[in-house]
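Notes follow the structure.
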Amino acid sequence: MARNEKLAENDLHWDDVADLILRCRRERDICSPDDIYVHQASDPIGCLFFSVQHFNSIQSVIDKSSLVLHLDATGSVVRKINAKGKRVYYYAGVVNIDSKLIPLLNFVSSEHNIAAISCYLMRFKQSFGQKWPIFRTVVLDFSMALLSAVCESWNKLSLIDYINNCYKYCKSDEPNQQFIVILLCGSHFQHMISRCVKSITKSKKIHDFILDCTALLIISTNLNSIRTTIRLMFNILLNRKKTLCCAHSMNALSDQCHSVKAKEPTSNDYVSDDEAKFIYGNSSNFKEKSMFYVDFEKMYRTVSDTCKITDNCELLPNNEYYCELFAKNFLNLYLPFTCMWTRLMMPQEVMSKYSVKTVTNGNVEKHFDNVKNSLMKGETNMKLGRFVNKIQIYTEAVCKEIKDKIPRVLYKRKKNQIQIPFRHFLTDHNYALLSSQFNKKCKQSSSEWDDGKTFYPGINDQK
Numbered sequence: 113m114a115r116n117e118k119l120a121e122n123d124l125h126w127d128d129v130a131d132l133i134l135r136c137r138r139e140r141d142i143c144s145p146d147d148i149y150v151h152q153a154s155d156p157i158g159c160l161f162f163s164v165q166h167f168n169s170i171q172s173v174i175d176k177s178s179l180v181l182h183l184d185a186t187g188s189v190v191r192k193i194n195a196k197g198k199r200v201y202y203y204a205g206v207v208n209i210d211s212k213l214i215p216l217l218n219f220v221s222s223e224h225n226i227a228a229i230s231c232y233l234m235r236f237k238q239s240f241g242q243k244w245p246i247f248r249t250v251v252l253d254f255s256m257a258l259l260s261a262v263c264e265s266w267n268k269l270s271l272i273d274y275i276n277n278c279y280k281y282c283k284s285d286e287p288n289q290q291f292i293v294i295l296l297c298g299s300h301f302q303h304m305i306s307r308c309v310k311s312i313t314k315s316k317k318i319h320d321f322i323l324d325c326t327a328l329l330i331i332s333t334n335l336n337s338i339r340t341t342i343r344l345m346f347n348i349l350l351n352r353k354k355t356l357c358c359a360h361s362m363n364a365l366s367d368q369c370h371s372v373k374a375k376e377p378t379s380n381d382y383v384s385d386d387e388a389k390f391i392y393g394n395s396s397n398f399k400e401k402s403m404f405y406v407d408f409e410k411m412y413r414t415v416s417d418t419c420k421i422t423d424n425c426e427l428l429p430n431n432e433y434y435c436e437l438f439a440k441n442f443l444n445l446y447l448p449f450t451c452m453w454t455r456l457m458m459p460q461e462v463m464s465k466y467s468v469k470t471v472t473n474g475n476v477e478k479h480f481d482n483v484k485n486s487l488m489k490g491e492t493n494m495k496l497g498r499f500v501n502k503i504q505i506y507t508e509a510v511c512k513e514i515k516d517k518i519p520r521v522l523y524k525r526k527k528n529q530i531q532i533p534f535r536h537f538l539t540d541h542n543y544a545l546l547s548s549q550f551n552k553k554c555k556q557s558s559s560e561w562d563d564g565k566t567f568y569p570g571i572n573d574q575k
């Protein structure tokens, strides 16, 4: 009973949604627009929470042209309204600044369709006014709802129009200043390719060959090199016999793939069963509208017609890499989205700053892990208002750490490291005393430190 009373002391209402609605109204009355944290609360359960002030506080130390937002969703953090209610997901848009993860965008929703997600994303965009866009690149996982919502909300384009604009840009080579670049997680893509190949054939040679080829495609930066690689792949996958063209293609790809040997995707990467069909959505002719698909489909037909000439030639040995079914699936399922899972559209500032080969959503996954295991301490299905409070306190602490350039490691011994976890929920008074306390402690001899223990300013001193 005492624990429940302690947890509920900051609640405005016992009902999850009413609690957030009351907080939303209170913040609008007493806070400036930039300081508002809860921007939207609705029933069925839904909440948009972020602060423009958090971005303002770190704006001086970031470069918007190279800033990347990692957007994804996870479950089991916020409880459902009732037992029969829809599962509630926590969506987070995370940026990495000096190896510190900041959730600039947060929303919780029991509705996961394009319309619901677009509503949150549009409200986020409108809150920044003339400062928008605050980043040039966003990284997503394979979700039609997220892809379409980001395109419509932040680029004012349908998904297919965005893809075709990317194709025109690649053909014209003009600078891209018109839209936010959308990239897909490379690790997630490789896992989907691996699953696709394993569902077709048990040949490890074919599996490893295809993963090496897609790893090469992922780091490609221009359309001509991508077209060349895909033509070589088709020459190999569509030839039943080991023709001279097939052998030459294999040699050419082997030389290129040697420096980008793909790793087997880990089994920890979760991929839902229906993701292989994500392209079609509600439109069966989506792929035909993609200019990338039209381009590669012509190439596929040309190579296929050529290969059929030698299919019945008994003098030639069989091609052990023949896999027509995967080539067809690759064309239909993945090539319409070529601009998203390759580096075709990646801004030069992002490539030069991070020197990345494969863009992944590892940052947002780390954030989810930190939320579940550190902030929530393993607790699941938390009340929505309490969860919002934890994210707000955490974000403010990280922004202060970045703004004031405070190091995390303050004292180092030979075997043990003493760290101050600034993300601990410090009061403003304790935080203000941080520097002076650090100086006093550093002057003490090493024998005065607790062996291997962590020092919490304002806490360890209160004895």
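Each residue of the sequence shown is one higher than the one before, counting from 113 in the working numbering. Even glycine gets a Cβ: it sits at the ideal position worked out from N, Cα and C. Treat the numbers as computed from the prediction; the structure is a model and nothing was measured.
Neighbour-count burial assignment, residue i, 16 or more Cβ in a 10 Å radius
{"i": "Cys425", "result": "exposed"}
{"i": "Ala227", "result": "exposed"}
{"i": "His319", "result": "buried"}
{"i": "Ile142", "result": "exposed"}
{"i": "Ala204", "result": "buried"}
{"i": "His360", "result": "exposed"}
{"i": "Glu400", "result": "exposed"}
{"i": "Arg140", "result": "exposed"}
{"i": "Leu356", "result": "exposed"}
{"i": "Ser211", "result": "exposed"}
{"i": "Pro215", "result": "buried"}
{"i": "Asp147", "result": "exposed"}
Per-residue DSSP class, three states only, for residue i
{"i": "Ile142", "result": "helix"}
{"i": "Thr249", "result": "strand"}
{"i": "Val510", "result": "helix"}
{"i": "Pro429", "result": "coil"}
{"i": "Gln290", "result": "coil"}
{"i": "Pro156", "result": "coil"}
{"i": "Ile503", "result": "helix"}
{"i": "Asn277", "result": "helix"}
{"i": "Tyr203", "result": "strand"}
{"i": "Ser178", "result": "helix"}
{"i": "Leu269", "result": "coil"}
{"i": "Val173", "result": "helix"}
{"i": "Asp598", "result": "The structure shown does not extend to residue 598, since the chain is modelled only from 113 to 575, so the question has no answer here."}
{"i": "Ile209", "result": "strand"}
{"i": "Thr186", "result": "strand"}
{"i": "Val82", "result": "Residue 82 falls outside the range modelled here, since the chain spans only 113 to 575, and no answer is possible."}
{"i": "Lys495", "result": "coil"}
Cβ separation of residue i and residue j, assumed to be a contact under 8 Å, to the nearest whole Å
{"i": "Ile246", "j": "Phe167", "result": "6 Å"}
{"i": "Val200", "j": "Ser222", "result": "5 Å"}
{"i": "Val462", "j": "Gly298", "result": "The pair is not a contact, with the Cβ atoms about 13 Å apart (cut-off 8 Å)."}
{"i": "Glu409", "j": "Leu350", "result": "So it is not a contact: roughly 13 Å between Cβ atoms."}
{"i": "Ser265", "j": "Val164", "result": "Not really, about 17 Å apart at Cβ, beyond 8 Å."}
Option in the options with minimal Cα separation from residue i
{"i": "Asp481", "options": "Asp141, Asp184, Ser169, Val173", "result": "Asp184"}
{"i": "Thr422", "options": "Phe236, Leu217, Cys511, Ile348", "result": "Ile348"}
{"i": "Leu427", "options": "Tyr274, Val164, Lys440, Arg352", "result": "Arg352"}
{"i": "Leu213", "options": "Lys515, Thr507, Asp516, Lys517", "result": "Thr507"}
{"i": "Phe449", "options": "Tyr232, Ser188, Asn277", "result": "Asn277"}
{"i": "Asp273", "options": "Phe404, Leu296, Arg235, Thr340", "result": "Phe404"}
{"i": "Ile514", "options": "Ile133, His303, Val173, His151", "result": "Val173"}
Beta strand (DSSP E) segment containing residue i, residue limits
{"i": "Leu456", "result": "Careful: Leu456 lies outside any beta strand (DSSP E) and carries neither H nor E."}
{"i": "Val220", "result": "212-221"}
Residue i - containing alpha helix (DSSP H), residue span
{"i": "Thr418", "result": "403-420"}
{"i": "Leu349", "result": "335-349"}
{"i": "Ser265", "result": "256-266"}
{"i": "Thr326", "result": "316-330"}
{"i": "Leu233", "result": "226-239"}
{"i": "Cys308", "result": "298-310"}
{"i": "Met362", "result": "356-369"}
{"i": "Lys243", "result": "Lys243 -> no alpha helix (DSSP H), and no H or E assigned at all."}
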